[in-house]
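A.B. asks: Chains as they are written, first to last, in my numbering: chain A, 1 to 431; chain B, 1 to 431.
There are 2 protein chains.
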Amino acid sequence: MSDTTPQGSDAMPGTALPAGTGPLAGLRVLELGHFVAAPFATRLLGDLGAEIIKIEPPGGDPVRQWGARHQGHAPWWSVHARNKRCITLDLKKPEAVAIVLGLVRQCDALVENFRPGQLDKLGLGREALLKARPGLVIARISGYGQDGPYRDKPAFGVIGEAIGGLRHLTDHPPGTSDLPPVRVGVSLGDSVAGIYAALGVVSALWRRDKAGGDGPAPDQAPTQRPGTEIDVALTESVFSLLEGALPEYGTLGSIRQPAGGGIATAAPTNAYRARDGIRVLIAANSDPLFRRLAMAMGQPDLLEDPRFSGNQARVAHVRELDALIGGWTAGFDGAALEELVTQAGIPCTRVFNIADCAADPQFLARGMVRAVQDPLHGEVLHPGVVPRVDGAGFPPRSTGPAVGADNEAVLRDLLGLDAGAIETLRAGGVI
Amino acid sequence: MSDTTPQGSDAMPGTALPAGTGPLAGLRVLELGHFVAAPFATRLLGDLGAEIIKIEPPGGDPVRQWGARHQGHAPWWSVHARNKRCITLDLKKPEAVAIVLGLVRQCDALVENFRPGQLDKLGLGREALLKARPGLVIARISGYGQDGPYRDKPAFGVIGEAIGGLRHLTDHPPGTSDLPPVRVGVSLGDSVAGIYAALGVVSALWRRDKAGGDGPAPDQAPTQRPGTEIDVALTESVFSLLEGALPEYGTLGSIRQPAGGGIATAAPTNAYRARDGIRVLIAANSDPLFRRLAMAMGQPDLLEDPRFSGNQARVAHVRELDALIGGWTAGFDGAALEELVTQAGIPCTRVFNIADCAADPQFLARGMVRAVQDPLHGEVLHPGVVPRVDGAGFPPRSTGPAVGADNEAVLRDLLGLDAGAIETLRAGGVI
Numbered sequence: 001m002s003d004t005t006p007q008g009s010d011a012m013p014g015t016a017l018p019a020g021t022g023p024l025a026g027l028r029v030l031e032l033g034h035f036v037a038a039p040f041a042t043r044l045l046g047d048l049g050a051e052i053i054k055i056e057p058p059g060g061d062p063v064r065q066w067g068a069r070h071q072g073h074a075p076w077w078s079v080h081a082r083n084k085r086c087i088t089l090d091l092k093k094p095e096a097v098a099i100v101l102g103l104v105r106q107c108d109a110l111v112e113n114f115r116p117g118q119l120d121k122l123g124l125g126r127e128a129l130l131k132a133r134p135g136l137v138i139a140r141i142s143g144y145g146q147d148g149p150y151r152d153k154p155a156f157g158v159i160g161e162a163i164g165g166l167r168h169l170t171d172h173p174p175g176t177s178d179l180p181p182v183r184v185g186v187s188l189g190d191s192v193a194g195i196y197a198a199l200g201v202v203s204a205l206w207r208r209d210k211a212g213g214d215g216p217a218p219d220q221a222p223t224q225r226p227g228t229e230i231d232v233a234l235t236e237s238v239f240s241l242l243e244g245a246l247p248e249y250g251t252l253g254s255i256r257q258p259a260g261g262g263i264a265t266a267a268p269t270n271a272y273r274a275r276d277g278i279r280v281l282i283a284a285n286s287d288p289l290f291r292r293l294a295m296a297m298g299q300p301d302l303l304e305d306p307r308f309s310g311n312q313a314r315v316a317h318v319r320e321l322d323a324l325i326g327g328w329t330a331g332f333d334g335a336a337l338e339e340l341v342t343q344a345g346i347p348c349t350r351v352f353n354i355a356d357c358a359a360d361p362q363f364l365a366r367g368m369v370r371a372v373q374d375p376l377h378g379e380v381l382h383p384g385v386v387p388r389v390d391g392a393g394f395p396p397r398s399t400g401p402a403v404g405a406d407n408e409a410v411l412r413d414l415l416g417l418d419a420g421a422i423e424t425l426r427a428g429g430v431i
Numbered sequence: 001m002s003d004t005t006p007q008g009s010d011a012m013p014g015t016a017l018p019a020g021t022g023p024l025a026g027l028r029v030l031e032l033g034h035f036v037a038a039p040f041a042t043r044l045l046g047d048l049g050a051e052i053i054k055i056e057p058p059g060g061d062p063v064r065q066w067g068a069r070h071q072g073h074a075p076w077w078s079v080h081a082r083n084k085r086c087i088t089l090d091l092k093k094p095e096a097v098a099i100v101l102g103l104v105r106q107c108d109a110l111v112e113n114f115r116p117g118q119l120d121k122l123g124l125g126r127e128a129l130l131k132a133r134p135g136l137v138i139a140r141i142s143g144y145g146q147d148g149p150y151r152d153k154p155a156f157g158v159i160g161e162a163i164g165g166l167r168h169l170t171d172h173p174p175g176t177s178d179l180p181p182v183r184v185g186v187s188l189g190d191s192v193a194g195i196y197a198a199l200g201v202v203s204a205l206w207r208r209d210k211a212g213g214d215g216p217a218p219d220q221a222p223t224q225r226p227g228t229e230i231d232v233a234l235t236e237s238v239f240s241l242l243e244g245a246l247p248e249y250g251t252l253g254s255i256r257q258p259a260g261g262g263i264a265t266a267a268p269t270n271a272y273r274a275r276d277g278i279r280v281l282i283a284a285n286s287d288p289l290f291r292r293l294a295m296a297m298g299q300p301d302l303l304e305d306p307r308f309s310g311n312q313a314r315v316a317h318v319r320e321l322d323a324l325i326g327g328w329t330a331g332f333d334g335a336a337l338e339e340l341v342t343q344a345g346i347p348c349t350r351v352f353n354i355a356d357c358a359a360d361p362q363f364l365a366r367g368m369v370r371a372v373q374d375p376l377h378g379e380v381l382h383p384g385v386v387p388r389v390d391g392a393g394f395p396p397r398s399t400g401p402a403v404g405a406d407n408e409a410v411l412r413d414l415l416g417l418d419a420g421a422i423e424t425l426r427a428g429g430v431i
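#1: With a cut-off of 9 Å, does the C-beta of residue 357 (chain A) fall near any C-beta of chain C?
#2: Identify the contact partners of residue 353 (chain B) in chain A, using a Cβ-Cβ distance below 7 Å as the criterion.
#3: Could you give the residue range of the alpha helix (DSSP H) that holds residue 158 (chain B)?
#4: To the nearest whole angstrom, what separates the beta carbons of residue 140 (chain B) and residue 230 (chain B), a pair I think is in contact under 8 Å?
#5: Using a beta-carbon distance cut-off of less than 7 Å, what residues from the region 197-211 of chain B approach chain A?
#6: How many Å lie between residue 214 (chain A) and residue 136 (chain A) at the Cα?
#7: Classify residue 178 (chain A): buried if its beta carbon has 16 or more other beta carbons within 10 angstroms, exposed otherwise.
#8: Exposed or buried, which one is residue 366 (chain A) when buried takes at least 16 other CB atoms within 10 Å?
#9: Would you tell me roughly how many angstroms separate the C-alpha atoms of residue 200 (chain A) and residue 42 (chain A), rounded to the nearest one?
#10: Can you list, in chain order, the residues of its chain whose CB lies under 7 Å from that of residue 417 (chain B), leaving out five sequence neighbours each side?
#11: In angstroms, rounded to a whole number, what distance separates the CA positions of residue 40 (chain A) and residue 387 (chain B)?
#12: Residues of the region 276-293 of chain A in Cβ contact with chain B at a cutoff of 7 Å, in chain order, please.
#13: Cβ atoms of residue 405 (chain B) and residue 86 (chain B): under 9 Å apart, would you say?
#14: Can you list, in chain order, the residues of its chain whose CB lies under 6 Å from that of residue 290 (chain B), leaving out five sequence neighbours each side?
#15: For the alpha helix (DSSP H) that contains residue 312 (chain A), what are its first and last residues?
#16: Taking only three categories from DSSP, how would you classify residue 348 (chain B)?
#17: Among the residues of its own chain, which have a CB less than 8 Å from the CB of residue 313 (chain B), if the five just before and after it don't count?
#18: Please report the straight-line C-alpha distance between residue 110 (chain B) and residue 101 (chain B), rounded to a whole angstrom.
#19: From this set, B:191, B:28, B:58, which residue's C-alpha is nearest residue 46 (chain B)'s C-alpha?
#20: Report yes or no: is there a C-beta of chain B within less than 9 Å of the C-beta of residue 368 (chain A)?
#21: How should residue 428 (chain A) be labelled, buried or exposed, when 16 other C-beta atoms within 10 angstroms of its C-beta is the threshold for buried?
#22: Measuring only the C-alpha atoms, how far is residue 270 (chain B) from residue 80 (chain B)?
#23: Between residue 348 (chain A) and chain B, is there a C-beta pair that is closer than 9 Å?
#24: Could you name the residues of the same chain whose beta carbon sits closer than 8 Å to that of residue 403 (chain A), not counting the 5 residues immediately before and after it, in chain order?
#25: What residue does the beta strand (DSSP E) around residue 30 (chain B) start on, and which one ends it?
#26: Using 9 Å as the limit for Cβ to Cβ distance, is residue 30 (chain A) near chain B?
#27: To which residues of the same chain is residue 204 (chain B) closer than 7 Å at the C-beta, ignoring the five residues directly before and after it?
#28: Can you give the Cα-Cα distance for residue 187 (chain A) and residue 114 (chain A), rounded to whole angstroms?
#29: Give the DSSP-derived three-state secondary structure of residue 189 (chain A) in the structure shown.
#30: Using CA atoms only, rank isn't needed, just tell me which of B:169, B:23, B:70, B:425 is closest to residue 244 (chain A).
#31: State the DSSP-derived secondary structure class of residue 357 (chain A), mapped to helix, strand or coil.
#32: So, does the region 231-239 of chain A touch the region 367-386 of chain B, judging by three or more C-beta pairs under 8 Å?
#33: In whole angstroms, what separates the C-alpha of residue 120 (chain B) from that of residue 362 (chain A)?
#34: Name the chain A residues that come within less than 7 Å of residue 191 (chain B), Cβ to Cβ?
#35: Do residue 240 (chain A) and residue 192 (chain A) come within 9 Å of each other at the CB atom, strictly closer than that value?
#36: Is it true that the CB of residue 265 (chain B) sits closer than 9 Å to the CB of residue 67 (chain A)?
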């Protein structure tokens, strides 16, 4: 296997999942999710070895159609639903609710991102769930959280970015441009909420399942275990990323402002344009690094210039400094520039697009870009598992399956339903 | 307590930490971290109840000086090191290494973000750590990961964003502007890596500590427990957020491009400018929502316009559409605009800066903005704990302490050292 091709085709199609080998092997998690946040949380749990069963409406999760299509299907689905078994249920039908509770009985956790209160209306409230499965961990992801004055407001991922205080910062400095602040470019609030939900689920399961401590005593039935509810808001997940902005506002009254491609408190660091249009990120924001940059630029006089003497002065004159550096970088093609600055011992990289990521020797060497066989698409590139555990990459056990692909297997294996019973459910529009 | 003031001052200063009450209460975690990623990971674990001991060089973690200052100190530290006990050690001294191993013996996990291999050189490699504490979970955070051709390259958070493929997307569409792509505005790679590290630590501890399974049998000494190494790279943490970009590139060869303030596949959604300069995010990117927006604008003719009929057409003509909407929004002040669009049933919010976040009734009602007493600053606003667990917000048990504040207490309580021994260590420059 070479360093420059994706690691070998190592997934298998179909519904018979081999057992996971990650640290969470042995856990079974039910997903009542759609779109991004809850499905991403369970994807992460599945990546780490948990068995995932996803329940969709008979029409399928709308996210199956998101993004670009290949042979009529969204390639993202191959990744987003990997390591999951997918079954359909029309939750408006009482038989479907009974099936959910039957599955819950055999699961350790449930992850959902319905609007707050909606599962209660369907007969799947906290009490019903914990009656079916004492000790269940219920993770709920929503726009604003499960309580408070805004809990019923409609929320989109982009709203979470804006309310979480991040959109204000993804902009050029005030007065630079009439353009709007940019979106982070991905559904950041959803993804970060998904990671937090996974963290909450595993934390609650550690407390529930640990030997000794406040887990069940040896002579105590598992039914005595208390359940746990995890409540993750998109807005709060984004807000959690703001570092010192809140304490600085509280003590000093200062409102953090956007700094464009730079950093408000350190200079120079930015993505400078090379002659061929490639952007090269150069982070020379310490005195020793700035010294190296000035030498590499052949402009040692910059080191004597009081405008650029020390970080504080450089920050104060960052526009002039960035213009000087940008004038210099425009004389090189991107690849040559990256090489030159790197050789000078300055942290530096061209700004990667997805083609750069897919070809990166480090990502390839660590299994972060993997060619996986998918029955719908042939070979699909999958991102690897984060975090790595004991050096293992946990190749996908399966790719995202078709709508209802696992109806029979799951209803049979977990609930003991026979073909006739399953046919009745299908005829009645329950599955 | 009112909905419009931060929840009451509920932290206490000093080094005697009350036991945590979150799901991770009972765990003890050692931090050998600096800057953002590893300290953020342990902050999250501490938020959820774990006891954290942070080891710093005698000069302190440089992050103590980051950001704005209040009374000579960075307010961020109050948050970044909350719920931690901080001790100093000069790791170049053998006595210090012995102390680390003595502490490791009494910890469940260690989180570090030294350059790969550096702890080995100090005598704190995997073997030494696991000998001191069988079953230890070791989480390592680095720029590029613990192996592979780039493991020794210097890395900054901004480099992680660029190599992870995100910086390319936080930009206006190609051809819109000469400005560089913007930074996300926070050290996103560090923070996301920190969350992943916390998830990895707890996952490994679940496996280690669960009753039954492959945990130690009842008659097996805890020394039989296998250790686990968690390996988190900043670059990979960012790369993990790219949704469908990699599988779409692999199957279709398409390279995802930035979409500025919008979304490449749905329109209209953007942050439009109001008369008073406030940006208002309006997400009307479905047919029913667009209908409501056109009616709210008093321009029902937009619904008949073939350029805007259906999402695909709207995406194709997004610049014209955004200009039309922006022309309309410029006729209102931000507050009136937000009210009007919200009343029309369209997801909408002004773009929050940190002052908006701090005053938001929902954040306040859910304890996401808390006034906490800090001995250095008086009252400091702290963000709450994400995720919420069983409705509890887990108020901080302490604020970030001074350098070496817990030297005596930790060395005495955990290692049994007396005042004389501690004084010898101090005189020798070990602490």
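C-beta atoms are modelled at their ideal positions from N, C-alpha and C, and glycine is treated no differently.
C.D. replies: Working from what's here:
#1: The displayed structure is made up of protein chains A and B, and chain C is not among them.
#2: Numbered from its first residue, the second sequence carries residue 353 (chain B) at position 353. 165, 168, 255, listed in chain order.
#3: The residue you call residue 158 (chain B) lines up with position 158 of the second sequence. Segment 157-163, the alpha helix (DSSP H) holding residue 158 (chain B).
#4: Counting from one through the second sequence, the residue named residue 140 (chain B) turns up at place 140. Counting from one through the second sequence, the residue named residue 230 (chain B) turns up at place 230. Going by Cβ atoms, the distance from residue 140 (chain B) to residue 230 (chain B) rounds to 7 Å, so yes, they are a contact pair.
#5: Result list: 197, 198, 199, 200, 202, 203, 204, 205, 206, 207, 209, 210, 211.
#6: Position 214 of the first sequence, counting from 1, holds the residue named residue 214 (chain A). Position 136 of the first sequence, counting from 1, holds the residue named residue 136 (chain A). Below a pLDDT of 50, predicted positions are generally treated as unreliable, and residue 214 (chain A), at 47, falls in that range; the measurement from the model is reported next regardless. Whole-angstrom Cα-Cα distance: 16 Å.
#7: Counting from 1 along the first sequence, the entry for residue 178 (chain A) is found at position 178. Residue 178 (chain A) comes out exposed.
#8: Within the first sequence, the letter at position 366 stands for residue 366 (chain A). Buried is the call here.
#9: Position 200 of the first sequence, counted from the first residue, corresponds to residue 200 (chain A). Position 42 of the first sequence, counted from the first residue, corresponds to residue 42 (chain A). Residue 200 (chain A) and residue 42 (chain A): Cα-Cα distance of roughly 12 Å.
#10: In the second sequence, the residue the question calls residue 417 (chain B) occupies position 417. So the qualifying residues of the chain are 411.
#11: By one-based count along the first sequence, residue 40 (chain A) stands at place 40. By one-based count along the second sequence, residue 387 (chain B) stands at place 387. Roughly 16 Å between the two C-alpha positions.
#12: Residues 279, 281, 283.
#13: Position 86 of the second sequence holds residue 86 (chain B). Position 405 of the second sequence holds residue 405 (chain B). For residue 86 (chain B) and residue 405 (chain B), yes; Cβs fall inside 9 Å.
#14: Walking along the second sequence from the start, residue 290 (chain B) turns up at place 290. These residues qualify, in order along the chain: 284.
#15: Position 312 of the first sequence, counting from 1, holds the residue named residue 312 (chain A). Here the alpha helix (DSSP H) through residue 312 (chain A) covers 311-316.
#16: The residue you call residue 348 (chain B) lines up with position 348 of the second sequence. Under the three-state reduction of DSSP, residue 348 (chain B) is assigned to strand.
#17: Translated into positions along the second sequence, residue 313 (chain B) becomes position 313. Hits under 8 Å: 306, 307.
#18: Here residue 110 (chain B) refers to the residue found at position 110 of the second sequence. Here residue 101 (chain B) refers to the residue found at position 101 of the second sequence. Approximately 11 Å between the Cα atoms of the pair.
#19: On the second sequence, position 46 is the one that residue 46 (chain B) refers to. Cα-wise, what sits closest to residue 46 (chain B) is B:28.
#20: As a first step, residue 368 (chain A) must be located in the first sequence, where it is residue number 368. Chain B contact via Cβ: present.
#21: As a working note, residue 428 (chain A) is residue 428 in the first sequence. Residue 428 (chain A) should be labelled exposed.
#22: Counted from its first residue, the second sequence places residue 270 (chain B) at position 270. Counted from its first residue, the second sequence places residue 80 (chain B) at position 80. Cα to Cα, the separation comes out at about 33 Å.
#23: What you label residue 348 (chain A) is simply residue 348 of the first sequence in a count that begins at 1. Yes, residue 348 (chain A) lies at the interface with chain B (some Cβ there is under 9 Å from its Cβ).
#24: For this step, residue 403 (chain A) is matched to residue 403 along the first sequence. Non-local beta-carbon contacts of residue 403 (chain A) in its own chain, meaning distances under 8 Å to residues more than five positions away in sequence, involve 56, 58, 59, 60, 64, 86, 88 in chain order.
#25: For the purposes of this step, residue 30 (chain B) is identified with residue 30 of the second sequence, where counting begins at 1. Residues 28-32.
#26: As a first step, residue 30 (chain A) must be located in the first sequence, where it is residue number 30. So no, residue 30 (chain A) is outside the interface.
#27: Within the second sequence, numbered from 1, the residue matching residue 204 (chain B) stands at position 204. So the qualifying residues of the chain are 137, 228, 230.
#28: To locate residue 187 (chain A), count along the first sequence from 1; it is residue 187. To locate residue 114 (chain A), count along the first sequence from 1; it is residue 114. Their backbone Cα atoms lie some 17 Å apart in a straight line.
#29: Along the first sequence, one-based indexing puts residue 189 (chain A) at 189. The answer is helix: DSSP assigns residue 189 (chain A) an H, G or I state.
#30: Mapped onto the first sequence, residue 244 (chain A) falls at position 244. Closest option to residue 244 (chain A), judged by alpha-carbon separation, among B:169, B:23, B:70, B:425: B:70.
#31: By 1-based counting over the first sequence, the position of residue 357 (chain A) is 357. If DSSP states are grouped into helix, strand and coil, residue 357 (chain A) belongs with the helices.
#32: The answer is yes - the region 367-386 of chain B touches the region 231-239 of chain A, with three or more Cβ pairs under 8 Å.
#33: By one-based count along the second sequence, residue 120 (chain B) stands at place 120. By one-based count along the first sequence, residue 362 (chain A) stands at place 362. The C-alpha of residue 362 (chain A) is placed about 22 Å away from the C-alpha of residue 120 (chain B).
#34: Stepping through the second sequence from its first residue, residue 191 (chain B) is reached at position 191. By Cβ distance, chain A contributes 241.
#35: Within the first sequence, residue 192 (chain A) is the residue found at index 192, counting from 1. Within the first sequence, residue 240 (chain A) is the residue found at index 240, counting from 1. Cβ distance < 9 Å, so residue 192 (chain A) and residue 240 (chain A) count as in contact.
#36: Counted from its first residue, the first sequence places residue 67 (chain A) at position 67. Counted from its first residue, the second sequence places residue 265 (chain B) at position 265. Yes. Within cutoff.
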